[in-house]
Amino acid sequence: MKHRFQTAYFILVILIITSIVVIGYLGYQVYQLQKYGAVLKKEFLTTTENLNNAIDSVSEELFEAEKERDDFQQKYESEKARMDFLASQISGIEGTVGLLEKLSETDPEFLQKYSKVYFLNENYIPETLVKISPEYTFNPEKDYLFYSKAWPFLQDLLSAAVSSGMDIKIISAYRSFGTQSEIKSAYKVVYGSGANQFSADQGYSEHQLGTTVDFTTPEVGDSFSGFEKTQAYQWLLDNAYKYGFTLSYPEENTYYQFEPWHWRFVGKSLAERLYQEGISFYDLGQREINQYLLFLFD
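Read in our numbering, the sequence shown has 796 at position 161, and its numbers run on one by one without any break.
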């Protein structure tokens, strides 16, 4: 009996000791876990703080970068605007220089109002004259001369007339100062002072410019009589402006008698304006006419 009691007591002691050991171990483990958790929490807080600091730093750097970008963009646009302005100025200067060169190469005499208004001296001769193709002239055996830069426009007019079935011929073109003097003298012998109504004095004739022609037809010939009644004349009224030509002395002009055969090259721009407004070359002031000099051969 006593032996059983001792055995039971021993087992109880063992259980108590075991329980104490287990509880102590578990308590130690809880302590270790709490300690590790505290370390993790501290590390987490530190990491979070570092991350927040890094985010703040990156945000600040990003803000500075965006500010620098905006400043650069503003400077770039400002510089680009300045360069574009300079480029436009240079382009404008180059364009102005080009226009001035073009204007300097255009003889201002070509748009002067002669015919009792301005005088063309006896030494004036157009820069270059070309021979008009005989197929377009009244007398194929005679040389008719015309200013070289205006010739393509006259040639186009004549070609268009032929295509339209018009048999238009040139009976007079460039005339020198001397030739005009001879013609005027001959007319004075026949018509006396009345010659002033249909023939310009030397130095006042548009023919000396080399950009004026007299048209006729095989039927009218060199008399010019009745030319205004021909289909050729009507065709010229309707189409000559397209090629830069205008009728110098229409009906009721104040310079000479009506000359339906006498046409002068003034450039497409001016000729079209005269046609559209129903006015003649001599109705405009010289200053206004001079504005078209730059576009004379365009």
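We put the beta carbon where it would ideally sit given N, CA and C, even for glycine.
On a predicted model such as this, the values are computed, not experimentally measured, just so you know.
Residues near D933 by beta carbon distance below 6 Å, same chain, minus five either side: none
Residue nearest to I805 in terms of C-alpha spacing, selected from I646, S811, L792: L792
Under 9 Å between C-beta atoms of I760 and L789: no
Considering L909, what are the terminal residues of the alpha helix (DSSP H) in which it resides? L909 -> alpha helix (DSSP H) spans 903-912.
Among E757, A785, K710, M801, the one whose alpha carbon lies nearest that of V848: Among E757, A785, K710, M801, the Cα nearest to that of V848 belongs to A785.
Alpha carbon to alpha carbon, how far is L661 from I690? Rounded to whole angstroms, the gap between the alpha carbons of L661 and I690 is 42 Å.
In the segment 739-816, which residue ranges form an unbroken beta strand (DSSP E) of at least 3 residues, counting only runs that do not cross its ends? 764-766, 780-782, 804-807
Measure the alpha-carbon distance for Y771 versus F850 and round it to whole angstroms. 10 Å
Suppose contacts are defined by Cβ-Cβ distances below 9 Å. Is T881 in contact with L909 by that definition? Yes, these two residues count as a Cβ contact at 9 Å.
Beta-ladder partner(s) of R899, from DSSP: T847, T881, per the DSSP bridge assignment.
Once DSSP output is grouped into helix, strand and coil, what is the label at T681? Correct three-state label for T681: helix.
Does the Cβ of L634 have 16 or more other Cβ atoms within 10 Å, making it buried, or fewer, making it exposed? Look at the range of the chain in this structure, 636 to 933, and you will see that residue 634 is not part of it.
Contact defined as beta carbons within less than 8 Å: I believe T902 pairs with G879. What is the distance between those atoms, to the nearest angstrom? Strictly speaking, residue 902 in this sequence is Gly, with Thr absent from that position. Indeed, because the Cβ distance is near 5 Å, the residues count as touching under 8 Å.
When the Cα of E841 is compared with those of F859, Y917, D778, Q866, which residue comes out closest? Selected option, being the one with the closest Cα: Y917.
Considering only the beta carbon of each residue, do F859 and P885 sit closer than 9 Å? no
Among P775, N687, S799, which has the Cα closest to the Cα of S807? P775
Alpha carbon to alpha carbon, how far is Y666 from V656? Give it in angstroms, no decimals. 15 Å
Tell me the rounded alpha-carbon separation between Y663 and K676. 19 Å
List the endpoints of the continuous alpha helix (DSSP H) containing D873. It spans 866-874 - the alpha helix (DSSP H) in which D873 sits, taken as one unbroken run.
Does the distance from the C-beta atom of A867 to that of A796 stay below 9 Å? yes
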